[in-house]
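Participant: Take this note's numbering: the last position of the sequence shown gets the number 124, and nothing is skipped along the way. Even for Gly, the Cβ is constructed at its ideal location relative to N, Cα and C. Small disclaimer: the values here were computed from a predicted structure and weren't measured. Here it is, the structure in full.
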Amino acid sequence: MGLPVENDHGDSTHVCDSIPGFSSQFFINQCMQARQQHAFIEEADEWTILTSFFLFVAHDNLNNPKSASYYLREAIGFVEAFQLGEPESYVGLDPDTEQRRKRLFWLMFVTESTDEEPFSGQRLILLAFSNPETQD
């Protein structure tokens, strides 16, 4: 089911129901195609983490736990590669980039902590921050 949208007749319809081809699988396929067009592993950035996280959420919503866990592990792997759990990794970054990366770290940390399909009982992200400074 899609997002409710008011139409000209005063009743609501759903976007997913009214647009042919508009499905979770469509967006997963688009994401995978975009990743294949770039060296997303060799040239990883914050968007790489976010696309892996998107694929985790999409597969989780489709009740594909193995695929979902794979993409969450992938996102967490990129978080570790960027050393976002290490306070020293933020030294010298502009405030916007620092804040964005901290939010990515905490998003992955909380998601991993609450995921219903734990990785053999082992958590991959270790809490390195004793008292992180966050700005809103």
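Exposed or buried, what is M20 when buried is set at 16 or more other beta-carbons lying within 10 Å of its beta-carbon?
Facilitator: Answer is exposed; the Cβ neighbour count stays below 16.
Participant: Within 10 angstroms of its Cβ, does S101 collect 16 or more other Cβ (buried), or is it exposed?
Facilitator: S101 should be labelled exposed.
Participant: Taking Cβ to Cβ, would you say I16 is nearer than 7 Å to A63?
Facilitator: Not in contact: I16 and A63 (Cβ atoms no closer than 7 Å).
Participant: Helix, strand or coil for S118? Go by DSSP, reduced to three states.
Facilitator: Because S118 sits at a pLDDT of 42, beneath the cut-off of 50, its placement in the model cannot be relied upon, and the point is left open.
Participant: Run the CB neighbour count on A22, radius 10 Å, all protein chains shown included, and call it buried at 16 or more, exposed below.
Facilitator: It counts as exposed.
Participant: Measure the alpha-carbon distance for T85 versus L60 and round it to whole angstroms.
Facilitator: Using only the alpha carbons, I get a separation of about 22 Å.
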